[in-house]
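Residue numbers (my numbering): 37 to 336. The beta carbon of each residue, even a glycine, is placed where N, CA and C say it ideally should be.
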Amino acid sequence: MTFSFTGLSAFPITPMHQAAPDEARFATLITRLVDAKVDSIGALGSTGSYAFLTRNEREKIARLAVQHAGTTPVLVSIGAINLRDTLLLAEDAQKAGVKALLLPPMSYFPLRDEEVFTLYETVNKHISIPLVVYDTPGTTQFHFSDALMQRICELPHVRSIKLPSGSPTAEEATARMQRLLPTLPKSISPGISGDPTAASALMQGARIWYSEWGGLFPHLARQLTDAALAGQKDEVARINAIFTPFWEMSARYGGSLRVIASAAEIMGLAGADALPSPLQKISQNDMEKLASLIKTHQPS
């Protein structure tokens, strides 16, 4: 199946065990996403701990994702500190059978616009499948200008942009998306991340939700995606209310990974050592609150 860049793209964690990817539990997470009929699977995103894994581990996880996804298309991140490794990761991912690649502009030193363009231009020349521009200033500390985004989107393999829907605020992010859309090629599918404001973005022009919590609660995320794309505001509000306490806890921990991994542990989908070192799980008090939330709402 080709990658349509619409609907729900669910990003699961890569659960760890004894400092290595827990392949059996990862396969279970992928199967859950397929059963929930997500539109695509984003393995090895930020929530999937790509930056903490070796090249061999990332290749193995990419192959596992494709193997267990069946006809559901898979995309993976090929982000790395240097271009050499990025190209090797792109080659590995294509050989594994993924349908699209996700590229954030990673660097130890702050990058300039021309350096970022050169990164995407070079990768574009070395791949044969679609590329998603990953705008994630919270982790890369790089902010795409409108002019740079427009220039990158002219590259032939670029098919989607993954914009943060709440950065710096939801209103400003939505305004930015609506400002960008008329200037981009028609082939570009506007995508959104930042779960708390994603539904609003979907109702205002975004076509695909790249979802973190959708990797653990795919049925609920599927319902929210469908309601948002159909403009069903009351249903969106109802589902958002279920998600909100999970999102709020994620915000307190500076991102979703720690909280999602802890929720997966509570649900029996990951072990107690699911996070890559040196990341640590949430506090015991928050574990108890999280367990209560899961028991109350029974999200799946």
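Exposure of residue i, with buried meaning 16 or more beta-carbon neighbours within 10 Å
i	result
R148	exposed
T172	buried
I318	buried
T83	buried
A56	exposed
E301	buried
T67	exposed
M37	exposed
A308	exposed
R215	exposed
S181	exposed
D128	buried
A237	buried
E150	exposed
P51	buried
A306	buried
Q259	buried
Residue-chain proximity (residue i, chain C), Cβ-Cβ < 7 angstroms
i	result
S229	Within the model displayed, chain C is absent; a lone protein chain is all it includes.
Contacts around residue i, its chain only, beta-carbon distance under 7 angstroms, and the 5 residues preceding and following it disregarded
i	result
G43	D75, I244, T261
I117	M142, S143, Y144
T158	L119
A132	E95, A98, R99, V102
I188	F153, Y156, V169, V194
L125	R91, R94, I114, A116
Near the ligand MN: residue i beta-carbon under 6 angstroms from a heavy atom
i	result
L155	Absence of the ligand MN is noted for the structure shown, with no ligands found whatsoever.
Between the CA atoms of residue j and residue i - distance to the nearest angstrom
i	j	result
L199	T90	26 angstroms
D231	T175	16 angstroms
A183	A98	32 angstroms
V134	L111	6 angstroms
S164	R120	17 angstroms
L123	H333	43 angstroms
R61	A101	11 angstroms
I224	N160	15 angstroms
R294	L311	7 angstroms
S113	F153	17 angstroms
E190	T219	10 angstroms
I296	D322	12 angstroms
G106	V70	8 angstroms
A63	K96	11 angstroms
A87	I278	30 angstroms
H179	A209	12 angstroms
P314	K222	42 angstroms
A136	Q320	38 angstroms
A211	M239	13 angstroms
A327	A299	7 angstroms
H162	P192	12 angstroms
Per-residue DSSP class, three states only, for residue i
i	result
A56	strand
Y170	strand
I114	coil
Y156	helix
V198	Note that residue 198 is Lys in the sequence shown, not Val. Residue state, collapsed to three classes: strand.
G133	coil
I97	helix
Y144	coil
S76	strand
I165	coil
I49	coil
G250	helix
Residue i, enclosing alpha helix (DSSP H) - first and last residue
i	result
P254	254-265
A46	Counting along the chain, A46 falls outside any alpha helix (DSSP H), though it belongs to the beta strand (DSSP E) covering 43-46.
I275	269-288
L293	293-302
A136	A136 -> not in any alpha helix (DSSP H); beta strand (DSSP E) instead, spanning 136-139.
S328	320-333
I8	The question about residue 8 has no answer here: the residues shown for the chain are numbered 37 through 336.
S236	234-238
T29	For the chain, the structure presents residues 37 to 336; residue 29 sits outside this window and is missing.
Cβ shell of residue i (< 6 angstroms), same chain only, five flanking positions each side left out
i	result
V272	A235, A263, A264
H255	A72, S336
P48	L65, G251
Spatial neighbours of residue i in its chain, beta-carbon cut-off 8 angstroms, leaving aside the 5 residues before and after
i	result
L217	P226, G241
Q177	P146
Q54	D309
Where the beta strand (DSSP E) containing residue i begins and where it ends
i	result
P342	Any answer about residue 342 is impossible in this case: the structure gives the chain only from 37 up to 336.
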